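Here's the structure we're looking at; comments come further down.
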Amino acid sequence: MTRSFAFVTDMHLDDAFTRGQQVPARENLLLLLQEIAGKGIREVVIGGDIGEPSAHAFLFDALKQYTPEYNIILGNFDKLEDVRQHYPPPGLVDGTMCYSADRDGFRYIFLDTASEAITDAQLQWLEAELKTAGKVLLFLHHPVVEIPVFLDGLQPLQGREKVKALLLDHPHAVYIFCGHLHVTDQREEKNIHQTVTPATGAQFVKEATEVQVDLSYFGYSIVTITGEEVKAEVIRHERDR
Numbered sequence: 001m002t003r004s005f006a007f008v009t010d011m012h013l014d015d016a017f018t019r020g021q022q023v024p025a026r027e028n029l030l031l032l033l034q035e036i037a038g039k040g041i042r043e044v045v046i047g048g049d050i051g052e053p054s055a056h057a058f059l060f061d062a063l064k065q066y067t068p069e070y071n072i073i074l075g076n077f078d079k080l081e082d083v084r085q086h087y088p089p090p091g092l093v094d095g096t097m098c099y100s101a102d103r104d105g106f107r108y109i110f111l112d113t114a115s116e117a118i119t120d121a122q123l124q125w126l127e128a129e130l131k132t133a134g135k136v137l138l139f140l141h142h143p144v145v146e147i148p149v150f151l152d153g154l155q156p157l158q159g160r161e162k163v164k165a166l167l168l169d170h171p172h173a174v175y176i177f178c179g180h181l182h183v184t185d186q187r188e189e190k191n192i193h194q195t196v197t198p199a200t201g202a203q204f205v206k207e208a209t210e211v212q213v214d215l216s217y218f219g220y221s222i223v224t225i226t227g228e229e230v231k232a233e234v235i236r237h238e239r240d241r
């Protein structure tokens with residue numbers, strides 16, 4: 001049996017950064033969701049940094065129209081009290097939106113990193129989830145595996161080394177899907193397979209030694225599960241100039 005879902009992240013709808021860069025974030029989001037639906041995919045995970053609360057109704061209306069099976073994780077620009085007006089938290093850990101589900105032999109773990117730091121309660125919850133899990137799909141806004149570029153050191157997840165240690169100790173494969181950096185990156189470390197998905201809006205130049213905006217493309221990821229095999233493909237849209 002094969003099934004697929006999409007990972008869409010860092011929309012930054014209506015926020016100052018997006019407006020300042022003149023990025024048509026709403027139009028980009030609709031284009032991606034329409035394309036995803038056109039591929040026969042009804043399920044999407046939103047990877048955080050949604051944008052201003054004024055745009056939340058727009059996002060959730062679009063999701064209901066094109067990809068009605070959706071899960072949400074929060075990024076460092078998101079606030080739970082805003083998002084929960086449209087998306088009741090499936091689970092809460094220490095006041096953060098963390099939850100899990102088992103499907104097709106995988107455990108899906110959704111970890112809230114809106115505070116940019118992992119709490120002890122979240123670590124304990126994650127450890128307990130891993131103890132009873134086989135292969136894992138972990139969704140969070142921030143990368144866990146370090147990326148040797150300037151951008152990765154700007155606003156890393158505090159405590160990510162503790163998260164990584166738990167994942168490395170897990171006896172099965174762990175597939176991480178995240179965003180935050182506004183770049184494309186896929187890498188492996190032992191049993192961990194990490195895909196950093198580009199933003200729906202503006203990107204940053206990955207190899208730069210200072211922050212440089214890259215408006216040349218935007219994108220999303222498609223994750224395909226066939227039996228016990230997990231494949232992540234980053235889809236890029238070159239922007240018209």
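Be aware that the sequence shown starts at 1, since it is given in the UniProt record's numbering, and climbs by one per residue.
Each residue gets a CB set at the ideal place from its N, CA and C atoms; glycine is no exception.
In this text the structure is predicted, and so the values were computed from the model without any measurement.
Please state if the CB of residue j and the CB of residue i are separated by a distance shorter than 8 Å.
i	j	result
His-182	Gly-75	no
residue 242	Leu-126	Because the chain is modelled from 1 through 241, residue 242 falls outside the range shown and cannot be assessed.
His-12	Ala-57	no
Thr-200	Ala-25	yes
Phe-177	Lys-135	no
Arg-239	Leu-215	yes
Ile-73	Leu-59	no
Phe-204	Val-213	yes
His-170	Leu-130	yes
Tyr-70	Gln-34	no
Gly-179	Asp-14	no
I want to check one thing, is the minimum distance from the CB of residue i to the heavy atoms of the ligand ADP below 7 Å?
i	result
Val-83	By its list of ligands, the structure shown contains no ligand whatsoever, and the ligand ADP lies outside what it can speak to.
For residue i, which residues in the same chain have their Cβ closer than 7 Å to its Cβ, ignoring the five residues on either side in sequence?
i	result
Gly-159	Ala-117 and Ile-118
Val-8	Leu-32, Val-44, Ile-46, Gly-47, Thr-200 and Tyr-220
Ala-101	Tyr-108
Please state whether DSSP places residue i in a helix, a strand or coil.
i	result
Gln-124	helix
His-180	coil
His-237	strand
Glu-146	coil
Phe-77	coil
Ser-54	helix
Asp-23	A quick correction: the sequence has Val, not Asp, at residue 23. Here Val-23 sits in coil by DSSP.
Gly-219	strand
Gln-34	helix
Spatial neighbours of residue i within its chain, please: C-beta separation below 8 Å, excluding the five flanking residues on both sides.
i	result
Asp-152	Pro-143, Glu-146 and Leu-181
Ala-62	Leu-29, Leu-30 and Leu-33
Select from the options the residue whose C-alpha is nearest the C-alpha of residue i.
i	options	result
Ser-54	Ala-37, Gln-34, Asp-78 and Pro-68	Asp-78
Asp-208	Val-234, Thr-197, Thr-195 and Val-149	Contrary to the premise, residue 208 reads as Ala rather than Asp in this sequence. Answer by Cα proximity: Val-149.
Met-1	Glu-233, Glu-229 and Val-234	Glu-229
Gln-155	Thr-18, Ala-173, Ala-114 and Lys-190	Ala-114
Phe-17	Val-211, Ala-202 and Lys-206	Ala-202
Phe-218	Lys-162, Gln-22, Pro-198 and Ala-173	Pro-198
Note down, in chain order, each residue of its chain lying with its Cβ closer than 6 Å to the Cβ of residue i, except the 5 sequence neighbours on either side.
i	result
Thr-224	Ser-4 and Lys-231
Tyr-99	Pro-90, Gly-91 and Phe-110
Ala-133	Arg-107
Thr-226	Thr-2
Leu-157	Thr-113 and His-142
With DSSP as the reference, identify every bridge partner of residue i, one or two as the case may be.
i	result
residue 271	No information on residue 271 is available, as it lies outside the stretch 1 to 241 that the chain covers here.
Asp-214	Gln-203
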